[in-house]
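Numbering (our numbering), first residue to last: 105 to 506. For reference, the structure is listed below as structure tokens.
Structure follows, in structure tokens:
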């Protein structure tokens, strides 16, 4: 082993072992839909940092706004006004159900803010007994303790959560199961309009409508987790807009920063006004750097026709994947999702297929239900879509022939 390899191994051992990246693959830079190794090998990126690099790598507009802000001001804290945050909040509320926004650094922090706002609203409106929140099975809301408790996934909570933290779970998509969980202590409901980790599963309009009605009848707040499925990923600015069933609270992150850490919790004014001075905070949330990039992402998202292109490219990718299922019925099962948030259900092992695709220089993820998770940049070219499907077809053919 060379001295460089020994040094690299020592450096890797300085990290927690909670991740297991391939040891022989390191990227030095990216451009558009591609990532490059130091030796110049190009990998087609259909993962986008798990739906984060929403406009690909090193997008000129995002590089420009970040560089300009980096030469002006990095951080001042929320003890002072941050005009970029005010502008981004206004743009988000103008294009959503919301009236007010809290900025954080990540999706899980945005989730925590929303969960706290549910309980804060019930307390402020004279219902301190209402503190329990209902989540759904196979959900994922982040890695902080309350976010883990909301999802209730035993694989994630085991050893870390000594109590239920005031959360209950209903079966995904099962209205009767949800009704059974509601008690006089229930404060609100949290769900993903399109489940991500659970298997790229969109909630039906009928289900969202029924949940909204339940909340209205019972005085509960409805919170959407659009950390992964929001910010244009579904072909709408926000995934729930496919059904036009609005929440009271919504968490955003990932694609909103285009690769720069940012989270946002959007609320109606009725909820937001209960979160007064000192009720919540974030040292770095809404800092000038993140807000510059967030506004840059909104510039791109709001360009005329962009969301229509996401929809049409998603339909193109879906049709091509359905064609692969016809060619390889023993290996592939079905296509799921919305827009450019697509799950390809496998009949063979999805993790093994992901690894084989990586060997063939196509980067994808996995999700529950034995899915491959495909999350290419929103501005991916049709040429790169075709190229990605070609690599997928060749890889599945190799596996089928083995």
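By construction, the Cβ of each residue, glycine as well, lies at the ideal position given by its N, Cα and C atoms.
- For the set 465, 438 and 372, the Cα lying nearest the Cα of residue 203 is the one of 372.
- Collapsing the DSSP output to three states places residue 283 in a helix.
- Following the DSSP letters along the chain, one finds residue 377 in no beta strand (DSSP E), marked with neither H nor E.
- Secondary-structure assignment with DSSP links residue 161 through a beta bridge to 136.
- Residue environment analysis places residue 211 among the buried positions, since at least 16 neighbouring C-beta atoms fall within 10 angstroms of its C-beta.
- By the criterion of a C-beta distance shorter than 6 Å, residue 226 is surrounded in its chain by 234 and 291, once the five residues flanking it on both sides are discounted.
- Between residue 303 and residue 418, the beta carbon gap of about 17 Å keeps them out of contact (Cβ cut-off 8 Å).
- A direct Cα-to-Cα measurement between residue 446 and residue 395 gives close to 28 Å.
- Here the C-alpha atom of residue 471 lies approximately 13 Å from the C-alpha atom of residue 332.
- A straight line joining the alpha-carbon of residue 424 with that of residue 431 spans about 11 Å.
- Put simply, the backbone Cα of residue 349 is about 33 Å away from that of residue 267.
- In chain order, 296, 297, 342, 343, 344, 354, 355 and 356 place their CB closer than 8 Å to the CB of residue 330, counting only its own chain and leaving out the 5 sequence neighbours on each side.
- Close CB contacts of residue 165 within its chain, under the 6 Å cut and outside five residues either way in sequence, are with 400 (chain order).
- When 462, 305, 437 and 113 are compared, the shortest CA-CA separation from residue 450 is found for 437.
- Within the same chain, 466, 467, 468, 478, 479, 480 and 492 come within 7 Å of residue 150 by CB-CB distance, once the 5 residues on both sides are set aside.
- With a threshold of 16 other beta carbon atoms within 10 Å, residue 147 meets it and is buried.
- Counting C-beta pairs closer than 8 Å gives fewer than three between the segment 396 to 415 and the segment 369 to 388, which falls short of the contact rule.
- In the DSSP assignment, the residues bridged to residue 295 are 328.
- CA-to-CA, the gap between residue 347 and residue 308 works out to about 8 Å.
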